Amino acid sequence: MSDKIVRAITSDGAVMAAAISARALVERARQIHTTLPVATAALGRSLMAASLMGNQLKGESDSLTLQIRGGGPLGGITCVSDAGGNVRGYLDNPFVHLPEKYQGKLDVGAAVGTDGTLTVIKDLGLKEPYVGSVPLVSGEIAEDVTSYFAVSEQFPTACALGVLVERNQSVAAAGGYLIQLLPGADEDTIDRVEAGVRAFGSVTPHLQAGLTPEEMLRQVLSGFEVELLDETPVAYRCTCSRERYRRGLLSLGREELEELAADPAGAELKCQFCGKTYHFSGEEMAVLAKEAGQMRQK
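Here's what the structure looks like:
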C-alpha cells in the first residue's frame with residue numbers, strides 16, 4: 062500500500078475527514094534513527110499526526126512543526142511537515158525499551174510521559190508564526206492531538222493513529238485518521254461520529270488487516286454518505302542542504318566563527334532529521350567569519 066493521505070467530506074457538509082497510510086514513511090524514520098519498537102511507535106504516530114495536520118495548510122510554502130515534551134524516557138519529539146504532508150522528525154532518545162502495556166501493545170504513553178505539553182507551530186509566511194500549546198493528556202499522541210484541536214483551535218476532533226512493529230523491529234503497517242466536525246454540526250451528527258469511532262475501535266487491527274485509508278474513512282463514517290475529495294502521496298522528506306547549514310553558521314557571528322576557524326579540522330554538522338553530515342574545513346570557516354564580519358558592518 063502506497064503512503065498517502067486521503068481527504069473526504071460527508072455529503073451533508075458537516076464532517077471533514079482525512080486518513081493516512083504511512084508504512085514506508087515510518088520505516089524510513091526507523092532506519093534513519095535506529096529506533097527500538099516503542100520509540101518507532103511514538104515517532105511514527107507523531108510523524109503521521111504532523112503529516113495530517115500539515116496537509117491542512119493552504120499555502121505551498123507553509124509548514125507545521127509538532128513538538129511533544131512529556132518528561133518520559135524518550136525525551137522530546139519534533140516533527141516538521143510541509144503543506145503536502147511530507148514530513149521529517151526526530152526524538153531525543155531512540156533507544157528506549159519498556160515492557161509492553163499488555164501482550165502486543167507497546168507502552169507509548171509511558172515512553173512519552175504526560176508531564177509536559179504538545180505544541181504546534183504554524184509558519185504561514187506571516188511576521189510571526191502561530192503557536193498553540195496544550196498539556197499532554199495521555200502521551201499516546203492521538204488523544205493529545207484530539208485535545209489540541211479541542212482546546213487550542215476549538216475544533217471537535219477524533220484522531221486515531223497506529224504503528225504495527227514486526228518482531229524483527231521493522232514497520233509492518235502505519236496509519237490513522239483525523240475526523241473533524243465543521244461549524245453547524247448538530248447533535249445527531251456528533252452522535253453518529255461518536256458511534257462510528259466506537260464501533261471502529263483501535264486502528265492497529267485494521268492496519269494489520271490491510272485496510273486502505275479510503276476504507277478506513279468509510280468504516281468510521283459508516284453513518285454518513287462520504288465523498289472522497291483528493292489523495293496526496295506523502296513521504297519522509299528532509300530539506301537539509303549544505304547551503305542551509307552555511308547560512309546557519311553565518312548566523313553565529315564573526316567572533317564565534319573565527320574560533321571555529323582556528324581548528325584546522327574545521328567543523329562537522331549533522332542533520333538531526335536525516336543523519337547526513339556536512340563538513341566545513343578550517344579555511345571555509347575563515348571565509349565565513351570574514352563574510353559575517355562584512356555583514357555586520359552593513
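With my numbering as the guide, the letters of the sequence shown map in order to residues 62 to 359. Backbone N, C-alpha and C define an ideal beta-carbon position, used for all residues, glycine too. Here the structure is a predicted model, which means the values were calculated and not measured.
Considering only Cys332, Glu329, Cys335, Pro325, the residue with the shortest C-alpha distance to glutamate 344 is Pro325. Annotation for phenylalanine 261: the continuous alpha helix (DSSP H) segment containing it runs 248 to 261.
When rounded, the separation of the alpha-carbon atoms in arginine 279 and valine 287 is 7 Å. The secondary-structure analysis by DSSP pairs tyrosine 339 across a beta bridge with Leu330. With a contact defined as Cβ atoms closer than 8 Å, valine 87 and glycine 105 qualify at about 4 Å.
Put simply, of Ser312, Arg298, Ser112 the residue whose alpha carbon is nearest the alpha carbon of cysteine 335 is Arg298.
DSSP, read as helix, strand or coil, puts threonine 101 in helix. With fewer than 16 other Cβ atoms from the protein chains shown falling within 10 Å of its own Cβ, aspartate 252 counts as exposed. Under the three-state reduction of DSSP output, aspartate 153 falls in the coil class, being neither helix nor strand. Minimum Cα-Cα distance from leucine 135 among the listed residues Val173, Glu255, Val198, Tyr339 corresponds to Val173. In terms of Cα proximity to glutamine 241, the closest of Asp176, Leu310, Gly257, Leu311 is Gly257.
Under the Cβ criterion (8 Å, minimum of three pairs), the stretch 63 to 82 does not count as touching the stretch 199 to 212.
C-alpha of arginine 84 to C-alpha of proline 190: approximately 31 Å in a straight line. Straight through space, the alpha carbons of isoleucine 182 and valine 206 are spaced by roughly 13 Å. Comparing alpha-carbon positions, the option among Leu239, Ser122, His267, Pro266 lying closest to valine 254 turns out to be Leu239. For methionine 77, the enclosing beta strand (DSSP E) begins and ends at 76 to 82.
By the Cβ criterion, the stretch 100 to 114 is not in contact with the stretch 263 to 282, since fewer than three pairs of Cβ atoms, one from each stretch, lie closer than 8 Å.
Annotation: leucine 113 to glutamate 304 spans about 29 Å, alpha carbon to alpha carbon. With respect to glycine 237, leucine 222 sits close: the two C-beta atoms are nearer than 8 Å. Short of 8 Å from the beta carbon of glutamate 161, and not among the five residues preceding or following it, lie these beta carbons of its own chain, in chain order: Leu167, Asp168.
Looking from the CA of leucine 318, the closest CA among Phe341, Ser302, Tyr151 belongs to Phe341.
Where glutamine 241 is concerned, the enclosing beta strand (DSSP E) starts and stops at 232 to 242.
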